[in-house]
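Undergrad: In the working numbering, the protein residues as written are 90 to 612.
Even glycine gets a Cβ: it sits at the ideal position worked out from N, Cα and C.
Here you go, one structure.
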């Protein structure tokens, strides 16, 4: 009778199982949002890599699992990029090959690992995972969408940890718990290190809950979100946003935020639109943050720009989006990958990048830090805005191409992490949903505006002062993880040198002189 292990001897079947195992963590993210699942989701993948017959096969298990993880996390791109989504998942999936190789190296390597190797695995494997998240956080590789720690956006103790070490610390601890659980399941003789890992994780979360500073309250500001809904055409969209904004007259709001691409023309080219926005600002008594997606009149190229408009028109405060969506807003190495436009809805023309972040004065002493869409996935951007004095973080977004997928909910959830990391309230205003607001601790303020809504909503947004440890010390978990990996490399190098020096000399017959000849049989 064949066992499951016998069935896995087929490389293709094993790779398929690896892809399925790698896809499991996506259930911890919205829309399913099974946050608790994140602490077990990696266990099947770890057990598979541990059981690999060779180190090379373990690396293939890592690649297959990485492919499954990337494809599941970005499945909503399939209608837009089609087959190119599979190409991207396959390329990025290779990042997990070294991680799976390390899983086998520390948890199996052809036998039952000793306690020393299990103890080492607890910091090494999470550190290697963080190194992967660091590499793929580069904007040119798609950015940090789907970082494992982001699955904990609705868990208060996790948000407290985020204020200390950002989403990086959450990813590290989630992987550490998965490694500990995998050891408990597969290596009963090494339960002590596994239990110690679980206790250390719980102690870290408890310490953050008790001792990490809480944001100090500085009152509230009333911010309105205008969500137009799915409307074709920039003129009809502007008319709808204008109609919705008029509902805010008399509601005593301090700031009104429209979504990404809410204005489809450069305001310098369309002074009539600028006058209509200024009239809205005078009627509502609040500045309006719009987002212009258009070819600029003062310089070449298309920009996505957050522009603040007051009673007298544009105030001069402008932020041009810096981090563009690969393939959606530009094509990396277009001369090589430009064929992506023929198989999907990739960008026909590259948009231009801004050169720096901006903190805007929205009146009434309110300083806002704008970001556009994809940029909310980058923890460093919100951290720098908080350092530069932003009272409230404001993101303008649109996921209109992905309305029937998990993308809108995934995107909206990122605001909770950015708020907790910085100790600043976060307003996520979208063109088509999901719009959401979070307080400085990352807790949700009011209700989400779903993808079926075309409406306005006014939120009492808390203002806070103080600096979180994450804003002050930055990405220290990443630096610590890299030090662990450097130490591992040095230790492995020293071990290799030591083994080479202590290896016994090879047994060889004595050398013969030129006059000698080999003995013949029978002589």
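What's the call for residue 364, buried or exposed, on a 16-neighbour Cβ count within 10 Å?
TA: With fewer than 16 Cβ atoms within 10 Å of its Cβ, residue 364 is classed as exposed.
Undergrad: When the distance is taken between beta carbons, is residue 512 closer than 8 angstroms to residue 301?
TA: no
Undergrad: Going by DSSP in three states, residue 548 sits in which element: helix, strand or coil?
TA: strand
Undergrad: State the start and end residues of the unbroken beta strand (DSSP E) segment that holds residue 576.
TA: Judged by DSSP secondary structure, residue 576 falls outside any beta strand (DSSP E) and instead within the alpha helix (DSSP H) spanning 565-591.
Undergrad: What whole-angstrom Cβ distance do residue 369 and residue 403 have, given they're in contact under 8 angstroms?
TA: Contact flag wrong, Cβ pair sits at about 13 angstroms.
Undergrad: For residue 609, collect the residues of the same chain with a Cβ closer than 7 angstroms to its Cβ; drop the 5 residues on either side in sequence, then sort them by chain order.
TA: With a pLDDT of only 49 at residue 609, under 50, the local geometry of the prediction cannot be trusted, and the value read off the model is given with reservation. Result list for residue 609: empty, nothing under 7 angstroms.
Undergrad: Please work out which residues of its chain come closer than 8 angstroms, Cβ to Cβ, to residue 622, disregarding the five sequence neighbours upstream and downstream, and give them in chain order.
TA: The structure shown does not extend to residue 622, since the chain is modelled only from 90 through 612, so no value can be given for it.
Undergrad: For residue 316, which beta-bridge partners are listed by DSSP?
TA: 544
Undergrad: Please check the pair residue 537 and residue 165, which I expect to be a contact at CB under 8 angstroms, by giving their CB distance rounded to whole angstroms.
TA: Residue 537 to residue 165, Cβ: 18 angstroms. No contact.
Undergrad: Expressed to the nearest angstrom, what Euclidean distance is found between the alpha-carbon atoms of residue 344 and residue 375?
TA: 5 angstroms
Undergrad: Which same chain residues, not among the five before or five after residue 237, have their C-beta less than 6 angstroms away from its C-beta?
TA: 260, 263
Undergrad: Within 10 Å of its beta-carbon, does residue 282 have 16 or more other beta-carbons around it, so buried, or fewer, so exposed?
TA: Classification for residue 282: buried.
Undergrad: Which same chain residues end up closer than 8 angstroms to residue 195 when comparing Cβ atoms and leaving out the 5 residues on each side of it in sequence?
TA: So the qualifying residues of the chain are 202, 206, 207, 209, 210, 213, 214.
Undergrad: Provide the residue span of the beta strand (DSSP E) that contains residue 456, from first to last.
TA: 456-461
Undergrad: Using beta-carbon positions only, say whether residue 113 and residue 141 come within less than 8 angstroms of one another.
TA: no
Undergrad: Please classify residue 371: is it buried, with 16 or more other beta-carbons within 10 angstroms of its beta-carbon, or exposed?
TA: exposed
Undergrad: Taking only runs of the beta strand (DSSP E) that begin and end inside the stretch 382-428, which ones reach a length of at least 3 residues, in chain order?
TA: Taking only runs of at least 3 residues, the beta strand (DSSP E) segments lying wholly in the stretch 382-428 are 391-399, 402-409.
Undergrad: Pull up the distance between the alpha-carbon of residue 585 and that of residue 217, whole angstroms please.
TA: Just so you know, the alpha carbons of residue 585 and residue 217 end up roughly 21 angstroms apart.
Undergrad: Could you give the distance in angstroms between the alpha-carbon of residue 484 and the alpha-carbon of residue 133?
TA: 37 angstroms
Undergrad: Quick check: what's the CA-CA separation for residue 243 versus residue 526?
TA: 13 angstroms
Undergrad: Using a threshold of 8 angstroms, state whether the C-beta atoms of residue 309 and residue 549 are closer than that.
TA: In this structure, residue 309 sits near residue 549, with a CB-CB distance shorter than 8 angstroms.
Undergrad: Considering just the uninterrupted stretch of the alpha helix (DSSP H) at residue 559, what are its terminal residues?
TA: 558-562
Undergrad: Roughly how many whole angstroms lie between the Cα atoms of residue 126 and residue 116?
TA: 7 angstroms
Undergrad: Just reading off the beta strand (DSSP E) that residue 347 is part of, what are its end residues?
TA: 344-347
Undergrad: Which whole-angstrom value describes the C-beta separation of residue 462 and residue 486, a residue pair presumed to lie in contact below a C-beta threshold of 8 angstroms?
TA: At roughly 4 angstroms, the Cβ-Cβ gap stays under 8 angstroms, so residue 462 and residue 486 are in contact.
Undergrad: Quick one: using the 10 Å Cβ neighbour count with 16 as the cut-off for buried, is residue 441 buried or exposed?
TA: With 16 or more Cβ atoms within 10 Å of its Cβ, residue 441 is classed as buried.
Undergrad: State yes or no: is the C-beta of residue 367 within less than 8 angstroms of the C-beta of residue 400?
TA: yes
Undergrad: In angstroms with no decimal places, state the Cα-to-Cα distance between residue 257 and residue 579.
TA: 24 angstroms
Undergrad: With distances taken from CA atoms, which of 342, 321, 120 is nearest residue 352?
TA: 321
Undergrad: Can you tell me which of the three DSSP states residue 377 falls into?
TA: strand
Undergrad: With 16 as the cutoff for other CB atoms within 10 Å, does residue 471 come out buried or exposed?
TA: buried
Undergrad: Which residue marks the beginning of the beta strand (DSSP E) containing residue 519, and which one marks its end?
TA: 514-519
Undergrad: Which whole-angstrom value describes the C-beta separation of residue 397 and residue 406, a residue pair presumed to lie in contact below a C-beta threshold of 8 angstroms?
TA: 4 angstroms
Undergrad: Taking its Cβ as the centre, do 16 or more other Cβ atoms sit within 10 Å of residue 284, making it buried, or is it exposed?
TA: exposed
Undergrad: Just the Cα atoms here: how many angstroms apart are residue 378 and residue 542?
TA: Here the alpha carbon of residue 378 sits roughly 20 angstroms from the alpha carbon of residue 542.
Undergrad: Whose CA, out of 556, 176, 354, lies closest to the CA of residue 383?
TA: 354
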